[in-house]
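As you go down the protein sequences, you meet chains A and B in turn.
When we follow the working numbering, the leftmost residue of the first sequence carries the number 1, and every step to the right adds one.
When we follow the working numbering, the leftmost residue of the second sequence carries the number 1001, and every step to the right adds one.
Note that the Cβ used here is the ideal one computed from N, Cα and C, for glycine as well.
Quick notes on the structure that follows.
2 protein chains.
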Amino acid sequence: MSIKIAIAGYGNLGKGVECAVKQNADTELFGIFTRRNPVDVKTVFPESKVYKIDDILNYKNDIDVLVICGGSATDLPVQTPELAKNFNVVDSFDTHANIPSHFANVDAKAKESGKIAMISVGWDPGLFSLNRLYAEAVLPDGKDYTFWGKGVSQGHSDAIRRIDGVVDARQYTIPVDEALNAVRSGANPELSTRDKHIRECFVVAADGANKAEIEDKIKTMPNYFADYNTIVRFISKEELDRDHSGIPHGGFVIRCGKTGANAQNTHIIEYSLKLDSNPEFTASVLVAYARAAYRMNLEGISGCKTVYDVAPVYLSPKSPEELRAHSL
Amino acid sequence: MSIKIAIAGYGNLGKGVECAVKQNADTELFGIFTRRNPVDVKTVFPESKVYKIDDILNYKNDIDVLVICGGSATDLPVQTPELAKNFNVVDSFDTHANIPSHFANVDAKAKESGKIAMISVGWDPGLFSLNRLYAEAVLPDGKDYTFWGKGVSQGHSDAIRRIDGVVDARQYTIPVDEALNAVRSGANPELSTRDKHIRECFVVAADGANKAEIEDKIKTMPNYFADYNTIVRFISKEELDRDHSGIPHGGFVIRCGKTGANAQNTHIIEYSLKLDSNPEFTASVLVAYARAAYRMNLEGISGCKTVYDVAPVYLSPKSPEELRAHSL
Chain A
1 MSIKIAIAGY GNLGKGVECA VKQNADTELF GIFTRRNPVD VKTVFPESKV
51 YKIDDILNYK NDIDVLVICG GSATDLPVQT PELAKNFNVV DSFDTHANIP
101 SHFANVDAKA KESGKIAMIS VGWDPGLFSL NRLYAEAVLP DGKDYTFWGK
151 GVSQGHSDAI RRIDGVVDAR QYTIPVDEAL NAVRSGANPE LSTRDKHIRE
201 CFVVAADGAN KAEIEDKIKT MPNYFADYNT IVRFISKEEL DRDHSGIPHG
251 GFVIRCGKTG ANAQNTHIIE YSLKLDSNPE FTASVLVAYA RAAYRMNLEG
301 ISGCKTVYDV APVYLSPKSP EELRAHSL
Chain B
1001 MSIKIAIAGY GNLGKGVECA VKQNADTELF GIFTRRNPVD VKTVFPESKV
1051 YKIDDILNYK NDIDVLVICG GSATDLPVQT PELAKNFNVV DSFDTHANIP
1101 SHFANVDAKA KESGKIAMIS VGWDPGLFSL NRLYAEAVLP DGKDYTFWGK
1151 GVSQGHSDAI RRIDGVVDAR QYTIPVDEAL NAVRSGANPE LSTRDKHIRE
1201 CFVVAADGAN KAEIEDKIKT MPNYFADYNT IVRFISKEEL DRDHSGIPHG
1251 GFVIRCGKTG ANAQNTHIIE YSLKLDSNPE FTASVLVAYA RAAYRMNLEG
1301 ISGCKTVYDV APVYLSPKSP EELRAHSL
């Protein structure tokens, strides 16, 4: 019997979940729940059913796990605790600083309902967090580094679009090769924000806009760009649409640590992702953790969980016996 | 209160555990148990206590976790089930084909005693296995590749030493760059054994030995070398001792998978290790899993476990709250 998964919220991430559910033999899509009028929603696959989010409680007994695909700023802090009252849920809450309070809110509701609520699932937080934990546990005398990119930062692209005279923009975060190589050398360098990443901006300016002024506003924008080496390139709307319509991302988690009686031996652990589609990859991680949430809840486990709380065996569709015989 | 760890078997791996226990603030060494006469054993740290393995049951209540550092061929199949009758144990059993039977033997004993027995811990099996599982669970439509090296293969070095006229030898397993790059390109190539790894052998021949014959015997040796491109280099004993006395190792686990309605997006997950000392790194993994074994057993969990069964949170000395706030 396959695991019935529903999607709450249908943007790029929700579409990615729709695709990922189809790739897994042991999951099937119950349906998509949206705030929009269901007849207006065009799904990736024509057979996918669409429901109004307000009706979701009618399907309480038909859904094994609900994957919540809202945004971290305003949707998830409300939706995840609310929906955990009635469903096993998985979200991709990624505002690192607010994870403890989100955890506490969600945990209270999920413990009351006896459901599992898996939060902050994806690749950072998510797979990158796992790699930070594993590497630090194994090499306590060391230092870890996380680099992001090359990839599109939606938040930084939006910040550029809010500048007067900007029609559209796309911002890439790019790790600095020299910094990556210094880390890989085992030198455990001290790296500033500016040392680690470059920000490259492709900007479409309105006709007659003052490009020098736009460039200056970008490069001096606090928090977003002021602390970085920022490259601004003005291009046409056609070029932006043709060359920069994808949503690639990725990055690196690297830990360098020492062992031995005199810390004389150096070890480097490196994990990297190179992703053509950030939302589709994140969605694929969500579906693997939806499988885990379902199985853990069947065993009577409830409450809020993160990737740290999930034994890897729950993520694989294969049996423990098969995994031990063929993957270990 | 720190976790009291004992070591059974004192070769390179046992010495690595002795060092790793010292690096972790929450673990302390109870002692080393050996088949040798304790007074003949020179420990890494002078304060480490050495006991006879035959006396180990006298210390049953003083040891939280016993790390068994014997060999997979003959020691661990006997020692791990036997010691699991009285101790939480961790081993690095690495004969992949025999893991299911080792698991069954150990599980029976550990369930009877109510102890945890963590088997096949290290980096392969171990951290590499974890990465194979995570990557496959996230990208089911894909293929994974494991490469080993550059590093010393003890088994292959030993095989060369058994040839007539060979005084000493050291064999390095080296991944083939072209194969690594083909995998990283996302092409999911079919790779033969010969395509993936080169075997480079540094050999010290006896005076007057027939080097051409030795080289031929190495290159045609079934299982060990015949299926590989093998390079043989004759060097002096002095050169071998000077340039090849380390025990480095490492490798790569790479999975390339597709997502999207038409599998149009490609993702690459790559995990790599570059290790100055294979036994010290393996020992560091063993100690992290000893921490997990201790904590899981305190919660009433017993039986045989592998890295797949251990939620990451058990591995870190940090509290779940601290991990969520600062690492996630």
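Inset, instruction - Give the C-beta separation of VAL1287/B and VAL1041/B to the nearest angstrom, bearing in mind that I take them to be a contact with Cβ-Cβ under 8 Å. - result: With a Cβ gap of about 20 Å, VAL1287/B and VAL1041/B do not count as contacting.
Inset, instruction - Take ASN1098/B as the anchor and find which of GLU1112/B, ASN1088/B, ASN1086/B and THR1074/B has the nearest alpha-carbon. - result: Of the candidates GLU1112/B, ASN1088/B, ASN1086/B and THR1074/B, the one whose C-alpha sits nearest the C-alpha of ASN1098/B is THR1074/B.
Inset, instruction - Measure the CB-CB distance between LEU1076/B and PHE1103/B and report whether it falls below 7 Å. - result: No. Outside cutoff.
Inset, instruction - Return the CA-CA distance between GLY165/A and PRO222/A, expressed in angstroms with no decimal places. - result: If you take the alpha carbons of GLY165/A and PRO222/A, they lie about 19 Å apart.
Inset, instruction - Residues of the region 268-283 of chain A with a CB closer than 9 Å to any CB of chain B: list them in chain order, please. - result: Residues passing the 9 Å Cβ filter: ILE268, ILE269, GLU270, TYR271, SER272, LEU273, LYS274, LEU275, ASP276, SER277, GLU280, PHE281 and ALA283.
Inset, instruction - May I have the straight-line CA-CA distance separating SER1302/B from ALA292/A, to the nearest angstrom? - result: Using only the alpha carbons, I get a separation of about 21 Å.
Inset, instruction - Hey, could you find the ends of the beta strand (DSSP E) LYS85/A is sitting in? - result: That residue, LYS85/A, is in no beta strand (DSSP E); it is neither H nor E in DSSP.
Legend entry - Limits of the beta strand (DSSP E) - the one that ASN1265/B falls within: Element bounds for ASN1265/B: 1265-1275.
Legend entry - Per DSSP, the bridge partner or partners of HIS1249/B: Beta-bridge pairing links HIS1249/B to LEU1275/B.
Inset, instruction - Quick one: list the residues of chain B neighbouring CYS19/A, beta-carbon separation under 7 Å, in chain order. - result: When 7 Å is used as the limit between beta carbons, CYS19/A is near these residues of chain B: THR1259, GLY1260 and ALA1261, in chain order.
Inset, instruction - Give the DSSP-derived three-state secondary structure of ASN1024/B in the structure shown. - result: Coil.
Inset, instruction - In the DSSP assignment, find the unbroken beta strand (DSSP E) run with PRO140/A in it and report its ends. - result: Taken as a continuous stretch (DSSP letters only), PRO140/A belongs to no beta strand (DSSP E), as it is neither H nor E.
Legend entry - Chain-ordered chain A contacts of ARG1324/B [CB-CB under 7 Å]: Contact annotation for ARG1324/B against chain A: ILE99, PRO100, PHE103 and THR306 [CB-CB distance below 7 Å, chain order].
Inset, instruction - Would you kindly check if the distance between the Cβ of PRO125/A and the Cβ of LEU1328/B is under 7 Å? - result: Taking 7 Å as the cut-off, the Cβ atoms of LEU1328/B and PRO125/A count as close.
Legend entry - Under 7 Å (Cβ pairs) to chain A, residues found in the region 1174-1194 of chain B: Listed in sequence order: no entries.
Inset, instruction - Starting from the Cα of LYS1258/B, find the closest Cα among SER1101/B, GLU1047/B, ALA1187/B and GLU1028/B and give me that residue. - result: Ranking the options by Cα distance to LYS1258/B, first place goes to ALA1187/B.
Inset, instruction - Note down the Cα distance separating LEU130/A from TYR271/A, rounded to an integer number of angstroms. - result: Taking the straight line from one Cα to the other gives about 10 Å.
Inset, instruction - Taking LYS1004/B and PHE1033/B to be in contact with their CB atoms under 8 Å, please state how far apart those CB atoms are, rounded to whole angstroms. - result: About 13 Å; that fails the 8 Å criterion.
Legend entry - Inter-residue Cα distance where the pair is TYR1308/B and TYR314/A: TYR1308/B and TYR314/A: Cα-Cα distance of roughly 9 Å.
Inset, instruction - Kindly indicate the opening and closing residues of the beta strand (DSSP E) around LYS1329/B. - result: Because chain B spans 1001 through 1328 in this model, residue 1329/B falls outside it and cannot be assessed.
Legend entry - Same chain only: Cβ atoms within 7 Å of ASP144/A, ignoring 5 sequence neighbours per side: Counting only residues of its own chain and dropping the five nearest sequence neighbours on each side, ASP144/A has a CB closer than 7 Å to the CB of ARG132, ALA135, GLU136, VAL253, ILE254 and ARG255.
Legend entry - Range covered by the alpha helix (DSSP H) that runs through THR1193/B: Looking at the DSSP string, the run of the alpha helix (DSSP H) that includes THR1193/B is 1193-1196.
Legend entry - Close beta carbons around ALA1110/B, own chain, < 7 Å, minus the five adjacent residues each side: Only ALA1084, ILE1116, ALA1117, SER1302, GLY1303 and CYS1304 meet the Cβ criterion.
Legend entry - Assigned secondary structure, GLY168/A (DSSP; H/G/I helix, E/B strand, else coil): Contrary to the premise, residue 168/A reads as Asp rather than Gly in this sequence. The three-state secondary structure of ASP168/A, taken from DSSP, is strand.
Legend entry - Cβ shell of ILE53/A (< 7 Å), same chain only, five flanking positions each side left out: If the five residues before and after ILE53/A are omitted, its C-beta is found closer than 7 Å to the C-beta atoms of ALA8, PHE33, THR34 and ARG35, all from its own chain and listed in chain order.
Inset, instruction - Could you check if ARG1170/B is buried or exposed, using at least 16 other CB atoms within 10 Å of its CB as the buried criterion? - result: By the 16-neighbour rule on beta-carbons within 10 angstroms, ARG1170/B is buried.
Legend entry - Spatial distance of TRP1148/B from ILE1198/B (CA atoms): So the alpha carbons of these two residues sit roughly 10 Å apart.
Inset, instruction - Measure the C-alpha to C-alpha separation of ASP91/A and PRO1320/B and round it to an integer number of angstroms. - result: CA-to-CA, the gap between ASP91/A and PRO1320/B works out to about 19 Å.
Legend entry - C-alpha distance - PRO1140/B paired with LYS1049/B, whole-angstrom precision: Going by the C-alpha atoms only, they are around 49 Å apart.
Legend entry - Beta-carbon contacts of TRP1123/B that lie in its chain and below 7 Å, excluding the five residues immediately before and after: Short of 7 Å from the beta carbon of TRP1123/B, and not among the five residues preceding or following it, lie these beta carbons of its own chain, in chain order: LEU1273, PHE1281, THR1282 and VAL1285.
Legend entry - Unbroken stretches of the beta strand (DSSP E), 3 residues or longer, contained in the region 1173-1260 of chain B: Those beta strand (DSSP E) runs which fall completely within the region 1173-1260 of chain B and span 3+ residues are 1197-1205, 1229-1234 and 1249-1259.
Inset, instruction - Please list, in chain order, all residues of the same chain as VAL1183/B whose beta carbon is under 6 Å from its beta carbon, the five residues on each side excluded. - result: Within the same chain, and ignoring the five residues on either side of VAL1183/B in sequence, the residues whose Cβ sits closer than 6 Å to its Cβ are TYR1145 and ILE1254.
Inset, instruction - For chain B, find out if any of its Cβ atoms is closer than 7 Å to the Cβ of PRO222/A; answer yes or no. - result: With 7 Å as the cut-off, PRO222/A does not count as an interface residue toward chain B.
Legend entry - Assigned exposure category for ARG242/A - 16 Cβ within 10 Å defines buried: ARG242/A counts as exposed, since fewer than 16 other beta carbons sit within 10 angstroms of its beta carbon.
Inset, instruction - Pull out every residue of the region 1288-1305 of chain B whose Cβ sits closer than 8 Å to any Cβ of chain A, in chain order. - result: Taking 8 Å as the Cβ-Cβ cut-off against chain A, the residues of the region 1288-1305 of chain B that qualify are ALA1288 and ARG1291.
Legend entry - Counted within 10 angstroms of its Cβ, other Cβ atoms place ASN1037/B as buried (16 or more) or exposed: By the neighbour-count definition (other C-beta atoms within 10 Å, threshold 16), ASN1037/B is an exposed residue.
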